[in-house]
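Listed in order, the protein sequences are those of chains Y and G.
Each residue of the first sequence is one higher than the one before, starting from -8 at the first, in this note's numbering.
Each residue of the second sequence is one higher than the one before, starting from 86 at the first, in this note's numbering.
Every residue gets a Cβ at the ideal spot worked out from N, C-alpha and C, and that includes glycine.
Quick caveat, the model's predicted, so the values are computed rather than measured.
See below for the structure under consideration.
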Amino acid sequence: MSEALLKLSKITKIYKTNEIAFLSGLGDVFDNARHAENLREALSFKKLMAAYQEIKVTAKAKRREFLDQGSVRGRAEYLRDLVYKQNEFAVSALLDVDLVIHAGEMTALAGPSGSGKSTLLNIIATLEEPTSGSVVFEGRDLGGMGEDQRADFRLANLGFVFQAFNLIPVLSAYENVEYALILKGLPYARRQSLTREVLEYVGLKDCMHRRPNRLSGGQQQRVAIARAAAVAPKLILADEPTANLDSKTAVAILDLMDRVNKEMGTTIIYSSHDPLVLARARRAVHLRDGEVVKDEICEGRPVQLSTDTASAS
Amino acid sequence: MILALIKLAIRNVFRNRRRSGLTLASVIIGLAALFFIQSLIKSLQADMVERAISVFNSHIQVQSAKSDDPKVPEASFSGAARIEEILRRDPDVLAVSKRILFTGLIASPLNSMGVGIFSVDPKDETQLSTISSYVKKGEFIKDNGTIAIGARIAKNLDARVGEKIVIMAQSRDGAFEGKALRVAGIYETGSYTWDASMVYMTLQDAQAILAWGGDISSIAVKIRDASALERVEERLGKAIAVKENGLKMLTWKDVSSEIIHIQEFQDSVLILVISVVFVIVALGILNTMLMSLFERIREFGLMMALGAKRKHVAVLLLAESICMGSIGLFWGAAWGLSIISVFHFIGLPLPLGEALSYFLPFEKTLYLRFAWGSHAWAVLCVILVSMAAGIIPAIRVSRLRAAEALRHV
């Protein structure tokens, strides 16, 4: 087996809802109030509102509820109640996920909506940080990187394919692919040849100068794959790449991803909840409620593996 | 990278054509109107200065240091011929005219009235001032014993060309002296004050009435390049040793300081108008950019996911804002300059001319001219304003988190 490209250890991701953000921001106000001589002054409506603005709570209902409390005492009691109930608002998107991805693999993340597939892809992509656990890519721990470092990491190592295609609408198919190469800093001549080459590779030779609104869904996803592949990434992450496509086009897109994986040797991780798509997966990692419940090799026929993926490495 | 950024910025500007079009229209109309107002005010100011210089002030005046009133210097000085010679030798000096300005009484058999009397050497004055071009009947004074009067004076006195009238004034020794002069010409400048209260006679006639001998009250100097006024004034002052000779040298700005005050007031109003226009332009661009930002949050998330740094997307938004400002700038300037060009040739009827010409001759039609300095400021302001309007959206986009932006609906 080839060496591990990616190793996830004990990845947990807990989302704070608006209510939690609201409460944690107000924690400071309560701390101040505790030490203040004049509690009434410390919990004044003005100060609470200032804190409220500062943490930028978007939940309008909460705001209304808060304001409906009327008196300063009423508002203080309301906030105190919320503090005690804050654990009710926490959402665990991922819980102790261990996963090893080897170079050259094509892995499907399977599971129903809300099982944590997209969150896991986002964490691998360094778009989000896990609440706990570590992500190691080619032996390098990705934790603690700044925004710009993460951007550099993505630019150097990753390609993306999204469910909604996410092409830049004002750019043609050609320019969309070229944009990724511009970000990578390739010279003009190299960009031109590479963009044409990769668009021909995905079968868009005749419509490379059309803008996305003049391309079908399948063609747009091909452009997205071309854009991801053009930068020669070590890993392509595809979040529900076939969800917006009919079954025939979905098969064609999977074939294309399969070709990219086999011919270019690019490691691919994609998520899906479509049984038809998963049936074509060579390795499927099943998630449910944020936990890995099954990790199987399914070439030929599905093979049941140990759920302890760490041992697979 | 920069070219790609500019291309993307231009396309994004025209993504929502109607919205961008409305914003651009506000920039274009605002800038064109601003160019027009700048041109109008600056042309008005320049015309006012030119009229004042050409009829009354000239560029520079040499007066006695004892004179208190710069407009009608009451003190006389001698040695004018020597000073005139020095002035004429200067390469920057175009024309020189010796003058005596005083007040007196003009009388015809029918009527009499008080007037301001401009006594000049007709040949020199014709080279320096435009008064002779306003003569409608007869001709401007040529010889001693003649006088040119304003149309309203002629009407009041019922005097015609060729008829005799009498000028009376107090001489140096306090006696009231008079001299009969023949009307050589009647001028009509359009200025009520000028036509109703100023007359022109020769220097020698005035010196005879006032018993001033060869003394005069001022020497008017016209220079080749008005922009070199201060430099020439300083040099001429040294050449004729004004202080040592008990003289002083005044520019038109000293003589007609009220024009400077009017200009300053007009410039202040112009700055106020510019500020209002640019605040409106800035808010228009800011609004468009913020709407564009909120509509494209997913797209910015995508760019960040692909590896674009925060500063890259921030610069993109800033570039879009500058791009919008630049397009507006180009068309606004083109329209503004075209409008000015049209009125440069056909002229702009100016009802205000009636009021402005009360004291000095002023045309009722204003031919607009380009105020390049002011236009350049307006252009710079549009660039700065469009940059400033892009800063807030740029900061907001740089604070986006890629994952959240990609989830944005």
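The continuous beta strand (DSSP E) containing T98/Y extends over residues 97 to 101. Distance from A117/G to C408/G at the Cβ level is roughly 19 Å; contact not present, criterion being Cβ atoms closer than 8 Å.
Around the C-beta of Y165/Y, 16 or more other C-beta atoms lie within 10 Å, and the residue is accordingly described as buried.
Looking at the backbone, the Cα of L174/Y and that of A142/Y are separated by about 10 Å. Proximity of the region 259 to 275 of chain G to the region 307 to 318 of chain G falls short of the contact definition, fewer than three beta-carbon pairs being nearer than 8 Å. When only Cα atoms are considered, M334/G and S143/G end up about 12 Å apart. Near chain G, meaning a CB-to-CB distance below 8 Å, the residues of the region 100 to 133 of chain Y are N113, A116, L118, E119. Listed in chain order, the positions of the region 369 to 381 of chain G with a beta carbon within less than 8 Å of a beta carbon of chain Y would be empty, since no residue qualifies.
Here I216/Y is near L247/Y, since their CB atoms are less than 9 Å apart. Rounded to the nearest angstrom, the gap between the Cα atoms of I325/G and L332/G is 9 Å. The alpha carbon of R279/Y has as its nearest neighbour, out of L86/Y, K1/Y, V126/Y, the alpha carbon of L86/Y. Membership of F151/Y in any alpha helix (DSSP H) is not indicated; the residue belongs instead to the beta strand (DSSP E) covering 149 to 152. Assigned with DSSP and collapsed to three states, L453/G falls in coil, not helix or strand. With fewer than 16 other CB atoms across the displayed protein chains lying within 10 angstroms of its CB, R167/G is exposed. For L93/G, at least one C-beta of chain Y is nearer than 9 Å to its own C-beta.
Residues of the region 392 to 411 of chain G with a Cβ closer than 9 Å to any Cβ of chain Y, in chain order: G392, A393, K394, R395, K396, H397.
Within the same chain, Cβ atoms closer than 6 Å to the Cβ of E210/G are found at S182, the five residues on either side in sequence being excluded. Just so you know, the alpha carbons of N157/Y and L357/G end up roughly 46 Å apart. Nearest in C-alpha terms to L414/G, of all of E384/G, M376/G, F379/G, M472/G, is M472/G. Interface flag for A479/G against chain Y is unset, since no Cβ pair is found closer than 9 Å. Chain order gives the chain Y residues near N97/G as V161, where near means a beta carbon separation below 7 Å.
In the DSSP assignment, Q123/G falls within the unbroken alpha helix (DSSP H) covering 102 to 136.
Taking a C-beta distance under 9 Å as the contact criterion, A236/G and V284/G do not qualify as a contact pair.
Taking the Cα positions, A488/G is about 15 Å away from T122/Y.
The C-beta distance from D280/G to T274/G rounds to 6 Å, short enough to fall under 8 Å. Of all residues in the region 218 to 247 of chain Y, none comes within less than 7 Å of chain G when Cβ atoms are compared. The CB of I92/Y never comes closer than 9 Å to any CB in chain G; the least such distance is about 19 Å. If you draw a 10 Å sphere on the C-beta of S124/G, you find 16 or more other C-beta atoms in it, and that means buried. The beta-carbon of M133/G is placed no less than 9 Å from the nearest beta-carbon of chain Y. Within the same chain, V362, V366 come within 6 Å of G115/G by CB-CB distance, once the 5 residues on both sides are set aside. Inclusion of L491/G and G386/G in the CB contact set at 9 Å is warranted, their separation being smaller than that value. In chain Y, no part has a C-beta under 7 Å from the C-beta of M472/G; the shortest such distance is about 22 Å. Per DSSP, reduced to three states, the secondary structure at R279/Y is strand. In this structure G432/G does not touch L403/G by the C-beta definition: roughly 43 Å separates them, more than the 8 Å allowed. Out of Q212/Y, Q60/Y, V126/Y, L177/Y, the CA that lies nearest to the CA of K4/Y is found in V126/Y.
Burial state of D286/Y is buried, judged by a 10 Å Cβ sphere holding 16 or more other Cβ atoms.
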